[in-house]
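Novice: Below is a structure I'd like to ask you about.
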Amino acid sequence: MSQLASDAINGAAGQQLGSNGTQTDPGGFKLKFCTVCASNNNRSMESHLRLAAANYPVISFGTGSLVRLPGPSITQPNVYQFNKTSYDSMYKELEAKDPRLYRANGILNMLDRNRNVKWGPERWQDWRVGVPRLEHGSDRGSEGVEGGIVDVVITCEERCWDAVIDDLLSRGSPLNRPVHVINVDIKDNHEEALIGGRGILDLADSLNKAAAEERGLNPSGFDSGNAASRAAFDERVPEIIAEWQERWPNLPAIWTLAWF
């Protein structure tokens with residue numbers, strides 16, 4: 008295996024490791040990301056953590072009407088409300104209900120990871136784009152997205168991609184700011200979420216490298232979201248995704264340019 012392929016599979020492209028094995032921030036320009044799945048628990052949170060650990064500004068959401076986690080049977084899911092239920096309270100409730108079951112199916116491990124990333128699951132449709140996220144200062148990856156704006160939205164399932172696009176269209180583009188919406192199709196289980204998280208980090212690295220190159224021509228215009236200043240980067244995104252897809256053939260991707 009080539010070094011490039013090895014780096015991509017391990018999600019290490021362009022990243023440096025500190026003496027304790029954690030990634031150090033090389034500095035420089037960083038695109039702002041948002042990850043999205045149905046319940047903001049498994050796939051979007053694994054990707055949120057990966058991107059935050061690589062020093063990318065990142066937020067995450069779910070598109071479902073309610074947060075649904077596996078229960079004792081397929082007809083008995085555990086159901087929670089977005090924006091009102093913390094990962095910690097979910098963890099404690101399920102640990103009290105049946106610790107053996109929820110440890111065996113990985114739910115407790117997932118919630119333990121999540122509660123160390125941010126407070127609780129957020130719903131995409133409730134996100135007020137462009138409104139400062141002052142109450143999220145302790146979230147992993149919050150530095151850089153305090154203003155409530157991102158450059159790239161990455162969904163983890165096509166129905167979530169559809170929901171995001173439909174919602175953006177219904178909002179009517181009040182900010183007139185371009186945003187790339189990419190779907191990376193990831194099966195909703197813990198093992199595939201880990202693989203998908205590595206793939207999304209590799210994609211983020213490739214997008215960020217190109218954005219940094221194009222931003223150099225007009226940094227202030229690029230940072231303000233000016234469409235003309237971002238046009239050269241926007242035009243490169245389909246080719247970047249195509250090259251990434253060759254490295255990650257088991258993570259089917261689709262893309263569109265949308266507007267905030």
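The sequence shown begins at 8 in this note's numbering and counts up by one. For every residue, glycine included, the Cβ atom is placed at its ideal position computed from N, Cα and C.
Helix, strand or coil: how does DSSP classify tyrosine 63 here?
Specialist: The sequence position of residue 63 within the sequence shown is 56, counting from 1. Residue state, collapsed to three classes: coil.
Novice: For tryptophan 262, does the three-state DSSP call read helix, strand or coil?
Specialist: The sequence position of residue 262 within the sequence shown is 255, counting from 1. Tryptophan 262: strand per DSSP, three-state reduction.
Novice: Starting from the C-beta of glutamate 250, find all residues in its chain whose C-beta is less than 8 Å away, skip the five residues before and the five after it, and write them out in chain order.
Specialist: Residue 250 sits at position 243 when you count from the first residue of the sequence shown. Ser213.
Novice: Can you tell me whether glycine 269 is helix, strand or coil according to DSSP?
Specialist: The chain is shown only over 8 to 267; residue 269 falls outside these bounds and no answer can be derived.
Novice: Confirm, please, whether the CB-CB distance from alanine 235 to glycine 228 is below 9 Å.
Specialist: Taking the sequence shown and counting its residues from 1, the one referred to as residue 228 is at position 221. Taking the sequence shown and counting its residues from 1, the one referred to as residue 235 is at position 228. Cβ atoms of glycine 228 and alanine 235: closer than 9 Å.
Novice: Name the DSSP bridge partner or partners of threonine 42?
Specialist: One-based indexing of the sequence shown puts residue 42 at position 35. Ser67 and Ile161, per the DSSP bridge assignment.
Novice: Could you give the C-beta distance for valine 159 and histidine 187, rounded to a whole number, given that I count them as a contact under 8 Å?
Specialist: Residue 159 sits at position 152 when you count from the first residue of the sequence shown. Residue 187 sits at position 180 when you count from the first residue of the sequence shown. Confirmed, about 5 Å.
Novice: Taking the continuous alpha helix (DSSP H) assigned at glutamate 108, which residues delimit it?
Specialist: Walking along the sequence shown from the start, residue 108 turns up at place 101. In the sequence as presented, glutamate is not what sits at residue 108; that position holds leucine. Segment 106-111, the alpha helix (DSSP H) holding leucine 108.
Novice: State the DSSP-derived secondary structure class of leucine 224, mapped to helix, strand or coil.
Specialist: Your numbering for residue 224 matches position 217 in the sequence shown. Coil.
Novice: Is leucine 118 helix, strand or coil when you go by DSSP?
Specialist: Translated into the one-based positions of the sequence shown, residue 118 becomes position 111. Here leucine 118 sits in helix by DSSP.
Novice: Does DSSP classify asparagine 215 as helix, strand or coil?
Specialist: Counting from 1 along the sequence shown, the entry for residue 215 is found at position 208. Helix, per DSSP.
Novice: Does the contact criterion of 3 or more C-beta pairs under 8 Å hold for the segment 58-73 versus the segment 189-198?
Specialist: Because the criterion of three Cβ pairs below 8 Å is not met, the segment 58-73 and the segment 189-198 do not touch.
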